[in-house]
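Peer 1: Below is a structure I'd like to ask you about.
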């Protein structure tokens, strides 16, 4: 008499479930780390692109543009006295005055910055300093 096997034993099924659970756990942990990394760089990328855009726009339309940084979550951009853009970055993003106590930034119609200084940017457990140099339109982020 020939006996044929049908199905899997209990321990074979448990081993397969254990391996599947272990792989899922590793994938979830790496996904969370990647999400946190993207969120940390998201604020810097958006702010840098907005600063560059409005600096070039100030030069091209020959009108100054002013950034006003809100203490929590974002900033507004004005041309003359009209708000042209508003960016909200979330409750975890904070802007604090750095050196010289600046809370706003103005690009002249030549694209230069009217006041030098820095603004402290805190976002998702990362603190950086946004530095503005006198007489130029240059700015950069420095880790704190």
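Numbering (the working numbering), first residue to last: -3 to 140. Quick reminder that beta carbons are idealized off the backbone N, C-alpha and C, glycines included.
Rounded to the nearest angstrom, what separates residue 85 and residue 124 at their Cα positions?
Peer 2: As a working mapping, residue 85 is identified with position 89 in the chain shown. As a working mapping, residue 124 is identified with position 128 in the chain shown. Those two C-alpha atoms are separated by around 15 Å.
Peer 1: Could you check what DSSP says for residue 109 in three-state terms: helix, strand or coil?
Peer 2: Working through the chain shown from its first residue, we reach residue 109 at position 113. Looking at residue 109 - three-state DSSP - the assignment turns out to be strand.
Peer 1: Say the cut is 7 Å; is the CB of residue 54 nearer than that to a heavy atom of the ligand SAM?
Peer 2: No copy of the ligand SAM appears in this structure; indeed no ligand is present at all.
Peer 1: Could you name the residues that DSSP lists as bridge partners for residue 63?
Peer 2: Walking along the chain shown from the start, residue 63 turns up at place 67. Partner(s): 73, 101.
Peer 1: Should residue 152 go down as buried or exposed, given a rule of 16 or more other Cβ atoms within 10 Å for buried?
Peer 2: Not covered by the structure: residue 152. The range shown for the chain is -3 to 140.
Peer 1: Are residue 91 and residue 117 touching if we call contact CB-CB under 8 Å?
Peer 2: The residue given as residue 91 occupies position 95 in the chain shown. The residue given as residue 117 occupies position 121 in the chain shown. Yes, they are a contact pair.
Peer 1: If distances are taken between C-alpha atoms only, which option among 130, 45, 7 comes closest to residue 96?
Peer 2: Against the chain shown, residue 96 aligns to sequence position 100. Nearest of 130, 45, 7 to residue 96, Cα basis: 130.
Peer 1: Are residue 105 and residue 66 close, meaning C-beta to C-beta below 8 Å?
Peer 2: For this step, residue 105 is matched to residue 109 along the chain shown. For this step, residue 66 is matched to residue 70 along the chain shown. Not a contact, by the Cβ cut-off of 8 Å.
Peer 1: Hey, residue 62 and residue 52 are a contact pair by Cβ (cut 8 Å); roughly how many whole angstroms apart?
Peer 2: Mapped onto the chain shown, residue 62 falls at position 66. Mapped onto the chain shown, residue 52 falls at position 56. Actually they do not touch by this definition, with Cβ atoms about 15 Å apart.
Peer 1: Which same chain residues end up closer than 8 Å to residue 140 when comparing Cβ atoms and leaving out the 5 residues on each side of it in sequence?
Peer 2: Your numbering for residue 140 matches position 144 in the chain shown. If we look at residue 140 and ignore the five residues flanking it on each side, its Cβ neighbours are 116, 123, 124, 125.
Peer 1: Based on the DSSP output, what are the partners of residue 119 in its beta bridges?
Peer 2: Along the chain shown, one-based indexing puts residue 119 at 123. DSSP output for residue 119 lists 122 as bridge partner(s).
Peer 1: Helix or strand or just coil, what does DSSP make of residue 49?
Peer 2: Here residue 49 is taken as the residue at index 53 of the chain shown, counted from 1. Three-state DSSP puts residue 49 in a helix.
Peer 1: CA-CA distance, residue 38 and residue 8?
Peer 2: Counting from 1 along the chain shown, the entry for residue 38 is found at position 42. Counting from 1 along the chain shown, the entry for residue 8 is found at position 12. If I take the Cα positions, the gap works out to 45 Å.
Peer 1: When the Cα atoms are used, what is the spatial distance from residue 93 to residue 100?
Peer 2: Working through the chain shown from its first residue, we reach residue 93 at position 97. Working through the chain shown from its first residue, we reach residue 100 at position 104. Cα-Cα distance, rounded: 9 Å.
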